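Colleague:
Numbering (the numbering used here), first residue to last: 1360 to 1649.
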């Protein structure tokens, strides 16, 4: 399959060789039962290197319908997995007309940072592919692993517009995706590789995976979009994790305002100490008792 992919998109030798190295480890990490999904994703998703990620999102995404991650975040991004659908109104109902998918990294694949960014975004692409978009009435449900995003569909005269409603589970999914990046990078980049992005939420995800020994169950839920009924207090954990993630984004934006930075950081630390840490302890204890 990998040679067919390389031929289809005419990838340069350096990217082609990297994908050859990465591909078998993706199968091992996600599971051989996911091979058809991984293959289909690669064949349907072009990969761009040395590109402006924001421009890729403009072409393959929907900057008018954003959730927790804002437009300026894409402008700063060194890599993106951009996915979207065009929706039409036909015979009295909304239907998906066209899928748009792309993975992009802003640098040369020879660089270690670019390789790790590409791994991270490819993992997102794999987890969005199967049942990534579902229409229920006038609601579009998007799934990226554990992330659930809902938008209201509005039938304008010339197009169907999406209006963002809500988004959940972003922090935990990004943390889990970073753990996948780390495992894969140890295989194809360096045995001592440590993930550098999403440090706080990666550690939060690591606490759950280690404490509950549930990585394979989580991978299945990410790919197949099944319920996570094996983590006690799952909804509370997701809500608190997302609040911490949003506070961490606020912290980054305030980096040049010392007073504001210190205030947000104090709030962040309070959330971790008073809300997150006791909940993790409760979840692990509950799992052990069961």
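Note that CB positions come from ideal geometry on N, CA and C, so glycine has one too.
Quick caveat, the model's predicted, so the values are computed rather than measured.
Taking 8 angstroms as the cut-off, decide whether the C-beta atoms of residue 1608 and residue 1638 are in contact.
Modeller: The answer is no: Cβ separation not under 8 angstroms.
Colleague: Apply the 10 Å Cβ neighbour rule to residue 1351 and answer buried if 16 or more other Cβ atoms are within range, or exposed otherwise.
Modeller: Beyond the ends of the chain as shown, which are 1360 and 1649, falls residue 1351; an answer cannot be given.
Colleague: When DSSP builds the beta bridges, which residues end up paired with residue 1513?
Modeller: Residue 1513 is bridged to 1520.
Colleague: Considering residue 1444, what are the terminal residues of the beta strand (DSSP E) in which it resides?
Modeller: It spans 1438 to 1449 - the beta strand (DSSP E) in which residue 1444 sits, taken as one unbroken run.
Colleague: For a test of the three-state rule: what should DSSP assign to residue 1590, helix, strand or coil?
Modeller: Of the three classes helix, strand and coil, the one that applies to residue 1590 here is coil, per DSSP.
Colleague: Are the segment 1380 to 1392 and the segment 1442 to 1455 in contact at 8 angstroms, needing three or more beta carbon pairs?
Modeller: Cβ pair count under 8 angstroms is below three, so no.
Colleague: Please name the residue or residues paired with residue 1458 in a DSSP beta bridge.
Modeller: DSSP lists 1444 as partners of residue 1458.
Colleague: When you compare the segment 1538 to 1557 with the segment 1615 to 1631, are there three or more beta-carbon pairs, one atom per stretch, that lie closer than 8 angstroms?
Modeller: No, because fewer than three Cβ pairs between the segment 1538 to 1557 and the segment 1615 to 1631 fall closer than 8 angstroms, the two stretches do not touch.
Colleague: Give the straight-line distance between the Cα atoms of residue 1379 and residue 1603, rounded to the nearest whole angstrom.
Modeller: Approximately 37 angstroms, taken between the alpha carbons.
Colleague: So, at 7 angstroms on beta carbons, what are the nonlocal neighbours of residue 1589 in its own chain, with the 5 sequence-adjacent residues on each side left out?
Modeller: These residues qualify, in order along the chain: 1573 and 1576.
Colleague: On a CA-only basis, which of 1502, 1579, 1635 and 1481 is nearest residue 1560? Give me that one, please.
Modeller: The shortest Cα separation from residue 1560 among 1502, 1579, 1635 and 1481 belongs to 1635.
Colleague: In terms of alpha-carbon separation, which member of 1593, 1484 and 1518 lies closest to residue 1504?
Modeller: Nearest option by C-alpha distance: 1484.
Colleague: My output table needs one value for residue 1465: the three-state DSSP class, helix, strand or coil.
Modeller: Residue 1465: coil per DSSP, three-state reduction.
Colleague: Does DSSP put residue 1615 in a helix, a strand or coil?
Modeller: Coil, per DSSP.
Colleague: Would you mind stating whether residue 1531 and residue 1580 have Cβ atoms separated by less than 8 angstroms?
Modeller: No, the pair does not count as a contact, with Cβ atoms beyond the cut-off.
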